[in-house]
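Positions in the sequence shown are counted from 1; adding 400 to them yields the working numbering. The C-beta atom is built at its ideal place from N, Cα and C for all residues, glycine as well. None of the values given here were measured: they were computed from a predicted structure. For reference, the structure discussed in these notes is given below.
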Amino acid sequence: MMEFGAAAEAGAISIPRTGLDLPNRLPYEKWVLMGRLLSTVHASSAWCLGDWLLHGETAYNGRYREAIENCSLNYQTLRNYAWVARRFPLSRRRDALSFGHHAEVASLADPEQDYWLRKAEDHGWSRNRLRAEVRASLNERAEAADVTADGADGGPDGAQGDAGRGRGDGIDLQLEITADRVKLWRAAAEQASLSVSDWALRALDEAARTA
Numbered sequence: 401m402m403e404f405g406a407a408a409e410a411g412a413i414s415i416p417r418t419g420l421d422l423p424n425r426l427p428y429e430k431w432v433l434m435g436r437l438l439s440t441v442h443a444s445s446a447w448c449l450g451d452w453l454l455h456g457e458t459a460y461n462g463r464y465r466e467a468i469e470n471c472s473l474n475y476q477t478l479r480n481y482a483w484v485a486r487r488f489p490l491s492r493r494r495d496a497l498s499f500g501h502h503a504e505v506a507s508l509a510d511p512e513q514d515y516w517l518r519k520a521e522d523h524g525w526s527r528n529r530l531r532a533e534v535r536a537s538l539n540e541r542a543e544a545a546d547v548t549a550d551g552a553d554g555g556p557d558g559a560q561g562d563a564g565r566g567r568g569d570g571i572d573l574q575l576e577i578t579a580d581r582v583k584l585w586r587a588a589a590e591q592a593s594l595s596v597s598d599w600a601l602r603a604l605d606e607a608a609r610t611a
């Protein structure tokens, strides 16, 4: 249980895990201040937890895992927060958009992140709307790539096949991948500090060895 900063000057204000315990004679101005503080905490908590974990990983090596357990925090949730925080330095975070907005585009390249966040801010998109717009764009891009691949194969029947696309001892494979799967793979590759192609090749090699 903890006191609520400056607003606690009005009386004993405690914050248990299950709610907020306010004194009966809390002045209106203090009550309004508390609402603003709570709103700020709510909006910034994911960012702050992500930054907190990133700092702990760098500064305290293995000891940060013990701290997480002592704070009753879920490690995987924190890892997700930290991944987004790492993708967006403080200078690139947009105050007008939520952490969730940033999370929707975190797997994209920096210029694409900025493009979509700027559009979301300019048009007042919700997180769900941003997700839908990004997904539609990725699907259109994938469809265009499929059409280009069909043309390179010598027609819709792909007469040249894999041999026609080979380069030396390698084979250029064309895959149809959903936007959700691309996003998942990018996140996994980022965690492993690899490009998506290198991560995918490693995953396929491991799967082949264990088959």
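Hey, out of 598, 576, 575, whose CA is closest to residue 586's CA? The count along the sequence shown starts at 1 and reaches residue 586 at position 186. Cα-wise, what sits closest to residue 586 is 598.
Rounded C-alpha distance that separates residue 615 from residue 440: The structure shown does not extend to residue 615, since the chain is modelled only from 401 through 611, so no value can be given for it.
Just how far apart, CA to CA, sit residue 578 and residue 431? Here residue 578 refers to the residue found at position 178 of the sequence shown. Here residue 431 refers to the residue found at position 31 of the sequence shown. C-alpha separation (whole angstroms): 48 Å.
Does the stretch 514-534 come into contact with the stretch 461-469, if we say contact requires no fewer than three beta-carbon pairs (one atom in each stretch) closer than 8 Å? no
If I measure Cβ to Cβ from residue 418 and keep anything under 7 Å in the same chain, skipping five residues before and after, which residues do I get? Start at 1 with the first residue of the sequence shown, and residue 418 comes out as number 18. Here the set comprises nothing.
Excluding five sequence neighbours on each side, which residues of the same chain lie with their C-beta closer than 8 Å to the C-beta of residue 567? Residue numbering aside, residue 567 sits at position 167 when the sequence shown is read from its first letter. Low confidence applies to residue 567: its pLDDT is 47, below 50, so where it sits in the model is not reliable, and the reading given next is rough at best. Correct list: empty, nothing qualifies.
Look at residue 517 and residue 482 and say whether their C-beta atoms are less than 8 Å apart. Mapped onto the sequence shown, residue 517 falls at position 117. Mapped onto the sequence shown, residue 482 falls at position 82. No.
Classify residue 507 as helix, strand or coil using the three-state DSSP reduction. Residue mapping note: residue 507 aligns to position 107 of the sequence shown, counting from 1. Coil at residue 507, not helix or strand.
Could you round the C-beta distance between residue 498 and residue 443 to whole angstroms and report it? I think they count as a contact, below 8 Å. Within the sequence shown, numbered from 1, the residue matching residue 498 stands at position 98. Within the sequence shown, numbered from 1, the residue matching residue 443 stands at position 43. The Cβ separation is near 7 Å, so the contact holds.
Could you tell me whether the Cβ atoms of residue 488 and residue 502 are closer together than 8 Å? As a working mapping, residue 488 is identified with position 88 in the sequence shown. As a working mapping, residue 502 is identified with position 102 in the sequence shown. In this structure, the beta-carbon distance from residue 488 to residue 502 falls below 8 Å.
CB-CB length for residue 478 against residue 504, believed under 8 Å: Residue mapping note: residue 478 aligns to position 78 of the sequence shown, counting from 1. Residue mapping note: residue 504 aligns to position 104 of the sequence shown, counting from 1. The pair is not a contact, with the Cβ atoms about 19 Å apart (cut-off 8 Å).
State the Cα-Cα distance for the pair residue 424 and residue 438, rounded to the nearest angstrom. As a working note, residue 424 is residue 24 in the sequence shown. As a working note, residue 438 is residue 38 in the sequence shown. Their Cα atoms are separated by approximately 19 Å.
Using a Cβ-Cβ cut-off of 8 Å (strictly less than) and excluding sequence neighbours within five positions of residue 590, which residues of its own chain qualify? Reading the sequence shown from its first residue, position 190 is the one you call residue 590. Hits under 8 Å: 483, 487, 507.
Assign residue 576 to one of three DSSP states: helix, strand, or coil. Taking the sequence shown and counting its residues from 1, one reaches residue 576 at position 176. Three-state result, residue 576: coil.
Quick check: residue 496 and residue 450, are their CB atoms within less than 8 Å of each other? Along the sequence shown, one-based indexing puts residue 496 at 96. Along the sequence shown, one-based indexing puts residue 450 at 50. The Cβ atoms of residue 496 and residue 450 do not sit closer than 8 Å to each other.
Report buried or exposed for residue 583, applying the criterion of at least 16 other Cβ atoms within 10 angstroms of its Cβ. Within the sequence shown, numbered from 1, the residue matching residue 583 stands at position 183. The residue is buried, with at least 16 neighbouring Cβ atoms inside 10 Å.
Can you give me the Cβ contacts of residue 596 inside the same chain, cut-off strictly under 7 Å, excluding the 5 residues immediately before and after it? Taking the sequence shown and counting its residues from 1, one reaches residue 596 at position 196. Cβ within range, chain order: 585, 586, 589.
My output table needs one value for residue 522: the three-state DSSP class, helix, strand or coil. On the sequence shown, residue 522 is found 122 positions in, with the first residue counted as 1. Helix, per DSSP.
If we ignore side chains and look at the alpha-carbon of each, how far apart do residue 510 and residue 594 end up? Mapped onto the sequence shown, residue 510 falls at position 110. Mapped onto the sequence shown, residue 594 falls at position 194. In a straight line, the C-alpha of residue 510 is about 16 Å away from that of residue 594.
Could you check where the alpha helix (DSSP H) with residue 603 kicks off and where it finishes? Taking the sequence shown and counting its residues from 1, the one referred to as residue 603 is at position 203. From DSSP, the alpha helix (DSSP H) with residue 603 extends over 596-610.
Cβ-Cβ distance between residue 447 and residue 494 below 8 Å: The residue labelled residue 447 in the question sits at position 47 within the sequence shown. The residue labelled residue 494 in the question sits at position 94 within the sequence shown. No.
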